[in-house]
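> Structure in structure tokens, see below.
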Amino acid sequence: MIEALFEGLLLVLQWKAFAFMLLGVVLGFWVGLLPGLGGVTTLALMLPFIYAMTPIEGFAFLLGMHSVVATTGDITSVLFGIPGEGTTAATILDGHSMAKKGEAGRALGAALASSLVGALVGAIALAVAIPVVRPLVLSFGSPELFMVAIVGIAFIASLSAQGGRGMLRGFLAGGLGLMVATVGQDPQAGIARYTFDSLYLWSGLDLVPILIGIFAIPEVIDLVLRGTSIAGDVPKGRLNQGALEGVRDTFRHFGLTLRCSLIGTFIGIMPGLGGAVAQWLAYGHAAQSARTAEERAGFGKGDVRGVLGPGAANNSKEGGALIPTVAFGVPGSSSMAILLGGFFLLGLVPGPDMLTTHLTVTFSMVWTIVLANIITVVACFLFLNHLARLTVVRGALLIPVILVLVFVGSYTANNNYGDLLLMLFFGAVGYLMVAGGWPRAPFVLGLVLGKIVENNLYISVARYEAEWLTRPIVLVLAALAVAVMFYPLLQARRSAARGG
Amino acid sequence: MRHTLALGAALLGLAVVPLTGAAQSPHFEGKTVTIVVGFKAGGGYDRTARILARHLPKYLPGRPNVIVQNMPGANSITAANHVYAVAKPDGLTIGTFNRNLVLAQLTNVPGVKFDMTKFAWIGSAASETTILAIRSDLPYQSFDELRKSGKPVVIGATGPGANTYDFPLLLREFLGVNFKIVSGYSSSADIMLAIERKEADARAGSFTSLRPFIDRDLVRPVVRARASEPGIEQLPVDENLAPTPRARAIMALRSAPEVVGRPYVMTPGTPDAILKLVREAFAAALKDPELAAEAKKAKMELEYTSGEETLKILTEVLSQPKDIVEEFSKYIKFGE
Chain A
4 MIEALFEGLL LVLQWKAFAF MLLGVVLGFW VGLLPGLGGV TTLALMLPFI
54 YAMTPIEGFA FLLGMHSVVA TTGDITSVLF GIPGEGTTAA TILDGHSMAK
104 KGEAGRALGA ALASSLVGAL VGAIALAVAI PVVRPLVLSF GSPELFMVAI
154 VGIAFIASLS AQGGRGMLRG FLAGGLGLMV ATVGQDPQAG IARYTFDSLY
204 LWSGLDLVPI LIGIFAIPEV IDLVLRGTSI AGDVPKGRLN QGALEGVRDT
254 FRHFGLTLRC SLIGTFIGIM PGLGGAVAQW LAYGHAAQSA RTAEERAGFG
304 KGDVRGVLGP GAANNSKEGG ALIPTVAFGV PGSSSMAILL GGFFLLGLVP
354 GPDMLTTHLT VTFSMVWTIV LANIITVVAC FLFLNHLARL TVVRGALLIP
404 VILVLVFVGS YTANNNYGDL LLMLFFGAVG YLMVAGGWPR APFVLGLVLG
454 KIVENNLYIS VARYEAEWLT RPIVLVLAAL AVAVMFYPLL QARRSAARGG
Chain B
168 MRHTLALGAA LLGLAVVPLT GAAQSPHFEG KTVTIVVGFK AGGGYDRTAR
218 ILARHLPKYL PGRPNVIVQN MPGANSITAA NHVYAVAKPD GLTIGTFNRN
268 LVLAQLTNVP GVKFDMTKFA WIGSAASETT ILAIRSDLPY QSFDELRKSG
318 KPVVIGATGP GANTYDFPLL LREFLGVNFK IVSGYSSSAD IMLAIERKEA
368 DARAGSFTSL RPFIDRDLVR PVVRARASEP GIEQLPVDEN LAPTPRARAI
418 MALRSAPEVV GRPYVMTPGT PDAILKLVRE AFAAALKDPE LAAEAKKAKM
468 ELEYTSGEET LKILTEVLSQ PKDIVEEFSK YIKFGE
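First to last, the sequence lines map onto chains A and B. Count along the first sequence starting at 1, add 3, and that's the number in the working numbering. Count along the second sequence starting at 1, add 167, and that's the number in the working numbering.
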């Protein structure tokens with residue numbers, strides 16, 4: 004196995020494979036920066052180009068591209084408050100708030116450094132998990148996936164403001180998210196829910212326009228009203244040293260970064276949970292790390308830990324998502340489904356063979372993820388401080404650019420004008436939520452978990468009736484959900500006791 | 168020197184002749200043909216369209232650019248409505264969408280603004296067949312054994328309107344097989360994983376998508392729908408097992424669109440001359456050896472069905488007696 008590990012590295016380092024990986028990295032870099040143009044679509048577009056490549060070159064190209072998309076997606080999220088990718092929205096909450104405080108460089112540094120840590124953890128997890136991957140994945144059935152989603156929903160408690168009123172608002176926002184997730188044809192009886200006889204609503208709502216609307220529109224309005232640059236009147240001197248400070252933050256909170264990386268990897272391994280979930284669970288977990296009430300209130304207003312968590316989880320999930328794809332031929336995410344097509348094109352059949360006969364190829368994938376991320380992060384640091392200066396550009400100059408990104412980003416996901424209306428509608432919702440002091444994170448959490456909760460609960464009951472409730476992993480996860488839910492309460496009491 | 172000049176003149180002449188000739192017959196020189204796909208990028212419909220986009224230009228006069236545009240929504244009704252009524256009938260828009268749209272029209276699904284028989288039909292690029300495959304470690308060697316055992320078999324499914332759901336549903340309703348259909352899996356890949364962990368016992372789906380798992384001996388095919396493919400000819404066919412002519416008609420109705428698995432159309436009113444050119448190019452591209460090699464690599468089975476033949480099948484589906492349609496819509500809902 005150790006031998007295969009090094010052979011895999013040597014394969015990637017062959018000049019042709021390496022060149023293809025660099026090409027992929029450059030492409031992925033731009034795809035990540037541009038909102039709406041997602042990694043999934045780009046993978047599909049690039050698939051025809053790999054016909055003539057060897058398996059190693061093909062994967063170096065595809066994975067090189069894919070593994071940097073989340074990294075550079077964070078940059079757009081931090082700088083403009085527009086999710087560069089559907090999977091990088093959680094970075095906005097604290098990342099963009101930091102940018103507004105004049106700490107864009109620090110936020111970017113933190114996002115990139117944590118991305119790198121995440122990618123490395125994900126890749127190591129992929130390598131280490133190879134012997135145990137089959138039993139691990141198989142022990143998580145629909146009941147267990149349902150409970151994972153419930154643990155996710157329990158995180159609403161940490162994402163809401165403290166006190167009865169804050170909790171109530173948080174859970175109501177979460178409920179609204181769950182409800183919005185039910186729009187469309189239901190998969191059990193085929194009934195159209197909340198579609199108002201509109202074809203557009205029939206297949207449900209796309210996540211990307213909603214995320215762009217709910218996060219970017221309030222920022223645009225805010226920028227217009229303030230009439231200043233993104234960073235306001237903050238003295239410019241602090242911008243330049245920011246990036247390194249962000250790296251230091253990553254190591255200051257290294258435990259948190261590591262834990263969030265593991266959360267991301269775990270969500271990645273579980274097929275069907277999807278990339279958008281990983282970042283929000285990580286964000287919820289990061290919010291838990293606040294020790295005092297003041298610290299908790301600071302989340303969403305520019306706490307660097309709120310950047311580190313999602314940043315790490317975003318990248319670590321890619322290594323995780325490769326696991327079911329490689330070991331079962333069952334993709335863990337939609338981008339992996341396209342990658343699976345790549346396997347066939349390259350003449351490989353994913354499945355148990357990838358862990359034995361083709362182990363070198365599997366390890367070459369691990370190395371591609373590692374190398375592509377290191378290259379991207381190092382390259383980004385070269386001009387990170389220049390990027391950060393965008394936040395001191397006058398708002399009047401930036402707003403047209405941001406609006407173009409907002410509209411184009413919402414449209415390109417599905418080429419449907421309806422998505423623009425959807426984005427504007429949720430832009431209004433987002434603005435009202437911000438103005439009224441309602442938290443947006445629980446809403447998004449409900450939205451991304453809604454279908455997972457509903458479908459897995461239905462499958463669990465239909466398949467196992469009540470029996471699934473007694474499965475050991477279900478019980479453990481239930482206990483975890485309760486702990487997650489009551490942790491903020493406990494924290495509040497502890498900090499009150501300390502204060503008193 | 169004189170030779171090169173002469174050669175140059177000859178080449179110029181060659182280049183000019185087809186252009187002037189093209190003034191009479193339609194050509195695509197310098198134009199862009201868009202294939203509108205009713206699904207997101209990456210699926211079977213999309214991949215077929217993209218492979219065609221690479222090889223169609225060779226066979227169209229004037230070698231146009233052929234690009235793919237994804238227009239997902241309402242299980243492709245949106246895309247079909249677009250190609251039917253919004254696109255211009257100038258031969259520059261080709262549509263490919265859910266093969267079951269004809270059933271949506273048949274059962275009067277709201278939102279359908281097209282008449283399938285009025286499209287300018289190019290043909291179909293593949294035929295798909297649905298099979299049911301059970302876990303190999305189950306004791307049933309054949310569909311007959313499975314049916315007679317009477318023990319419940321858990322079928323993993325995505326949802327109504329998909330072949331993972333509809334095919335076993337009709338087997339349960341008409342042949343009395345004890346199937347427990349559990350739907351809500353997010354993709355057929357997810358169902359395969361459920362089968363690996365023994366949460367589900369079986370799944371229905373296209374033979375193409377199940378074949379890697381059959382080859383790996385995870386599942387074993389036991390029954391198929393009407394269309395056949397090499398390797399599964401000997402399997403029993405669902406409609407041949409039907410107890411009544413009515414049941415048979417309903418099963419046949421569900422399977423009919425599968426023969427035209429990847430439909431390709433143009434906007435109604437496209438001039439005959441253009442339609443003829445595109446039809447010929449479509450047929451030629453699907454027989455192209457390079458395309459065949461690429462399709463084989465991608466594990467896609469492409470098969471040409473002519474526009475006339477496709478139209479015939481669809482007309483037959485749409486001319487079913489009312490009572491059959493009514494009973495059909497009791498079981499089958501148009502969906503993903």
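Ideal placement from N, C-alpha and C gives every residue a C-beta, glycine not left out.
Which residues of chain B have a Cβ atom closer than 7 Å to the Cβ of ARG466 of chain A, listed in chain order?
Position 463 of the first sequence, counting from 1, holds the residue named residue 466 of chain A. Within chain B, the residues near ARG466 of chain A are VAL321, VAL349, GLU366.
> Count the other C-beta atoms from every protein chain shown that fall within 10 angstroms of the C-beta of TRP18 of chain A, then say buried if there are 16 or more, exposed otherwise.
Translated into positions along the first sequence, residue 18 of chain A becomes position 15. Answer is exposed; the Cβ neighbour count stays below 16.
> At a Cβ threshold of 8 Å, is ALA189 of chain B touching chain A?
Within the second sequence, the letter at position 22 stands for residue 189 of chain B. Low per-residue confidence applies at ALA189 of chain B: pLDDT is 42, beneath 50, and the placement is therefore not dependable, though the value from the model is reported in the following sentence. For ALA189 of chain B, the answer is no, since every Cβ of chain A falls outside 8 Å of its Cβ.
> Return the bridge partner residues of ILE159 of chain A from the DSSP annotation.
Residue numbering aside, residue 159 of chain A sits at position 156 when the first sequence is read from its first letter. Looking at the DSSP assignment, ILE159 of chain A forms no beta bridge with any residue, so it has no partner.
> For chain A, check one thing: does any of its Cβ atoms lie closer than 8 Å to the Cβ of ASN265 of chain B?
Locating residue 265 of chain B in the second sequence gives position 98, where the first residue counts as 1. Taking CB atoms only, ASN265 of chain B has no neighbour in chain A less than 8 Å away.
> On the DSSP letters alone, give me the boundaries of the alpha helix (DSSP H) that GLY177 of chain A sits inside.
In the first sequence, counting from the first residue as 1, residue 177 of chain A sits at position 174. Looking at the DSSP string, the run of the alpha helix (DSSP H) that includes GLY177 of chain A is 166-184.
> For GLU363 of chain B, return the contacting residues in chain A, with the cut-off set at a CB-CB distance below 9 Å.
Here residue 363 of chain B refers to the residue found at position 196 when the second sequence is read from its first residue. Under the 9 Å cutoff, chain A gives ARG137, VAL140, LEU141, PHE331, VAL333.
> Does any CB atom of chain B fall closer than 8 Å to the CB of PHE62 of chain A?
Residue 62 of chain A sits at position 59 when you count from the first residue of the first sequence. It does not; no Cβ of chain B falls within 8 Å.
> Under 8 Å, with one C-beta from each stretch per pair, do the segment 105-115 of chain A and the segment 287-300 of chain A reach the 3-pair mark?
no
> Is the beta carbon of ARG446 of chain B less than 8 Å from the beta carbon of THR215 of chain B?
Within the second sequence, residue 446 of chain B is the residue found at index 279, counting from 1. Within the second sequence, residue 215 of chain B is the residue found at index 48, counting from 1. Not in contact: ARG446 of chain B and THR215 of chain B (Cβ atoms no closer than 8 Å).
> Using a cut-off of 9 Å between C-beta atoms, extract the partners of PHE345 of chain B located in chain A.
Locating residue 345 of chain B in the second sequence gives position 178, counting from the first residue. Note on identity: in this sequence residue 345 of chain B is Asn, with Phe being the wrong assignment. Per Cβ cutoff of 9 Å: no residues; ASN345 of chain B is ~15 Å from chain A at best.
> SER422 of chain B lies in the alpha helix (DSSP H); which residues open and close that run?
Along the second sequence, one-based indexing puts residue 422 of chain B at 255. Here the alpha helix (DSSP H) through SER422 of chain B covers 412-426.
> Examine chain A for any beta-carbon lying closer than 8 Å to the beta-carbon of LEU360 of chain B, and answer yes or no.
By 1-based counting over the second sequence, the position of residue 360 of chain B is 193. Chain A, which has a Cβ nearer than 8 Å to the Cβ of LEU360 of chain B, makes this yes.
> So is THR201 of chain B in contact with chain D if we call contact Cβ pairs under 8 Å?
Given the protein chain composition of this structure (A and B), no chain D is represented.
> Taking 8 Å as the CB-CB cut-off, is LEU374 of chain A touching chain B?
The residue you call residue 374 of chain A lines up with position 371 of the first sequence. Judged by the 8 Å Cβ criterion, LEU374 of chain A is not in contact with chain B.
> Say whether chain A places a C-beta atom closer than 8 Å to the C-beta of ASP213 of chain B.
Looking up residue 213 of chain B in the second sequence gives position 46. By this cut-off, ASP213 of chain B is an interface position.
> Taking 8 Å as the threshold (beta carbon to beta carbon), is PRO231 of chain B in contact with chain A?
Here residue 231 of chain B is taken as the residue at index 64 of the second sequence, counted from 1. Chain A, which has no Cβ nearer than 8 Å to the Cβ of PRO231 of chain B, makes this no.
> At what residues does the beta strand (DSSP E) containing VAL396 of chain A begin and finish?
As a position in the first sequence, residue 396 of chain A is number 393, starting the count at 1. Unbroken run through VAL396 of chain A: none, as it is neither H nor E.
> What separation, rounded to the nearest whole angstrom, lies between the Cα atoms of GLU494 of chain B and ARG391 of chain B?
Counted from its first residue, the second sequence places residue 494 of chain B at position 327. Counted from its first residue, the second sequence places residue 391 of chain B at position 224. Computed Cα separation, rounded: 22 Å.
> Going along the chain, which residues of the segment 301-331 of chain B sit with their C-beta nearer than 7 Å to a C-beta in chain A?
VAL321, THR325, GLY326, PRO327, GLY328
> Can you tell me which of the three DSSP states TYR226 of chain B falls into?
Locating residue 226 of chain B in the second sequence gives position 59, where the first residue counts as 1. Look at TYR226 of chain B here: in three-state DSSP terms it is helix.
> Going by DSSP, which residues form a beta bridge with PRO430 of chain B?
Against the second sequence, residue 430 of chain B aligns to sequence position 263. Paired residues: B:SER291.
> Please classify ARG266 of chain B: does DSSP put it in a helix, a strand, or coil?
Within the second sequence, the letter at position 99 stands for residue 266 of chain B. It is coil, neither helix nor strand.
> With a threshold of 8 Å between beta carbons, is GLU475 of chain B in contact with chain A?
Here residue 475 of chain B is taken as the residue at index 308 of the second sequence, counted from 1. Using a CB distance cut-off of 8 Å, GLU475 of chain B does not count as an interface residue toward chain A.
> What does the Cβ neighbour count give for LEU493 of chain A, buried or exposed, with the cut at 16 atoms within 10 Å?
What you label residue 493 of chain A is simply residue 490 of the first sequence in a count that begins at 1. Under a 10 Å Cβ-count criterion, LEU493 of chain A is classified as exposed, with fewer than 16 other Cβ atoms of the shown protein chains found around its own Cβ.
> What did DSSP end up calling PRO512 of chain B once you bin it into helix, strand or coil?
Outside the shown range of chain B (168 to 503) lies residue 512 of chain B, about which nothing can therefore be said.
> At a Cβ cut of 7 Å, what residues of the segment 70-97 of chain A count as close to chain B, listed as they run along the chain?
Flagged: no residues at all.
> Which of the residues in the segment 460-475 of chain B, read from start to end, lie with their CB under 8 Å from any CB of chain A?
GLU461, LYS464, ALA465, LYS466
> Check whether the segment 143-150 of chain A touches the segment 458-474 of chain A, counting contact only when three or more Cβ pairs, one atom from each stretch, lie closer than 8 Å.
Touching, per the Cβ criterion.
> Rank B:PRO239, B:VAL269, B:ASP384 by C-alpha distance to the C-alpha of LYS500 of chain B and give the top, closest one.
Against the second sequence, residue 500 of chain B aligns to sequence position 333. Measuring from the Cα of LYS500 of chain B, the nearest candidate turns out to be B:VAL269.
> Closest by CA to ALA292 of chain B, which one among B:ILE261, B:GLN236, B:ARG378, B:ALA246?
Position 125 of the second sequence holds residue 292 of chain B. Per the Cα distances, B:ILE261.
> Are the Cβ atoms of GLY344 of chain A and ALA465 of chain B separated by less than 8 Å?
Mapped onto the first sequence, residue 344 of chain A falls at position 341. Mapped onto the second sequence, residue 465 of chain B falls at position 298. Yes.
> Measuring only the C-alpha atoms, how far is GLY121 of chain A from GLY301 of chain A?
As a first step, residue 121 of chain A must be located in the first sequence, where it is residue number 118. As a first step, residue 301 of chain A must be located in the first sequence, where it is residue number 298. Cα to Cα, the separation comes out at about 24 Å.
> Would you say GLY112 of chain A touches the ligand NAP, meaning its beta carbon is less than 7 Å from a heavy atom?
The ligand NAP is not among the ligands present in this structure, which contains no ligands whatsoever.
> Taking THR245 of chain B as the query, report the chain A residues whose CB atoms sit under 8 Å from its CB, ordered along the chain.
The residue you call residue 245 of chain B lines up with position 78 of the second sequence. By Cβ distance, chain A contributes LEU202, TYR203, ASN419.
> Taking only beta-carbon atoms, is SER353 of chain B less than 8 Å away from chain A?
On the second sequence, position 186 is the one that residue 353 of chain B refers to. It does: the Cβ of SER353 of chain B has a partner Cβ on chain A nearer than 8 Å.
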